[in-house]
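Taking our numbering, the leading residue of the sequence shown gets 90, the next gets one more, and so forth. All residues carry an ideal CB built from backbone N, CA and C; glycine is no exception. Small disclaimer: the values here were computed from a predicted structure and weren't measured. Structure first, commentary second.
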Amino acid sequence: MPSPLQASHPPDDRRRRFEDIYAANRARILGYALRRTSDPQDAADVLAETFLTAWRRLDDVPPGDQARLWLYGVARRVLANHHRGERRRSALAADLGARLRDGLGVQDASGDDLTRVGAAFRSLSEADRELLSLIGWEGLGHAEAATVLGCSRNALRIRLHRARRRFARALARMDADVPTSLPATTLPPKVRIPNGDTP
90 MPSPLQASHP
100 PDDRRRRFED
110 IYAANRARIL
120 GYALRRTSDP
130 QDAADVLAET
140 FLTAWRRLDD
150 VPPGDQARLW
160 LYGVARRVLA
170 NHHRGERRRS
180 ALAADLGARL
190 RDGLGVQDAS
200 GDDLTRVGAA
210 FRSLSEADRE
220 LLSLIGWEGL
230 GHAEAATVLG
240 CSRNALRIRL
250 HRARRRFARA
260 LARMDADVPT
270 SLPATTLPPK
280 VRIPNGDTP
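In structure tokens form, the structure reads like this:
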């Protein structure tokens, strides 16, 4: 049985209202996002997340021109989350560089090897880097990482195994001579040696 709220806003009326809000505000919200991101794809993601929120909270969207201001507020929060994620990824990359410099420095490894290892890590997809970072640097267990990434433990294990293999292949492509005695915290577990693809 439909709720009183659903009865007062039939599905067709809700859809039409959302489509009107989208048509009236899409270009402005996209421009807002484009001016605040360095990548058009990021701006498209912000636009999509903003209007997904608008759809979910359609009854909270005010009428008329106030809808645009409401959408700007939502887009602002989406962008804040996006920038926090970027800063976290940059911090992780900087931490990787520092750990590699420290770890390889005590082993007398050449700067070329450090550069190759960093390049191999950066060549991975964002999803692989995030997964390896959660396990290797944040110290999360499989169940915790699965919760963060919104997947099952089994899916996490499969993704982690594949990410480690891709990292190992990237290291091999870079011909990076990674010492087997690197500290455990330097790289995610079981990916310190190019052929170490055991799950």
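Straight-line gap, residue i to residue j (C-alpha atoms, nearest Å)
i	j	result
residue 242	residue 182	26 Å
residue 113	residue 128	24 Å
residue 111	residue 236	33 Å
residue 230	residue 224	6 Å
residue 265	residue 206	Any reading at residue 265 needs caution, since the residue's pLDDT is 49, under 50, leaving its predicted position unreliable; the model's value is listed next. Roughly 6 Å separates the two Cα atoms.
residue 185	residue 142	35 Å
residue 151	residue 101	18 Å
residue 164	residue 177	20 Å
residue 211	residue 109	42 Å
residue 157	residue 147	13 Å
residue 232	residue 261	30 Å
residue 257	residue 137	35 Å
residue 194	residue 218	Confidence in residue 194 is poor, its pLDDT being 48 and thus under 50, which makes the residue's placement too unreliable to answer from.
residue 216	residue 173	16 Å
residue 245	residue 154	45 Å
residue 117	residue 160	10 Å
residue 249	residue 238	12 Å
residue 247	residue 234	13 Å
residue 131	residue 222	21 Å
residue 120	residue 149	23 Å
Local conformation of residue i per DSSP, three classes
i	result
residue 121	helix
residue 88	Only positions 90 to 288 of the chain appear in this structure, which leaves residue 88 out of reach.
residue 225	helix
residue 109	helix
residue 239	coil
residue 264	coil
residue 207	helix
In chain order, which continuous runs of the beta strand (DSSP E) of length 3 or greater are located wholly inside the stretch 135–164? Taking only runs of at least 3 residues, no beta strand (DSSP E) segment lies wholly in the stretch 135–164.
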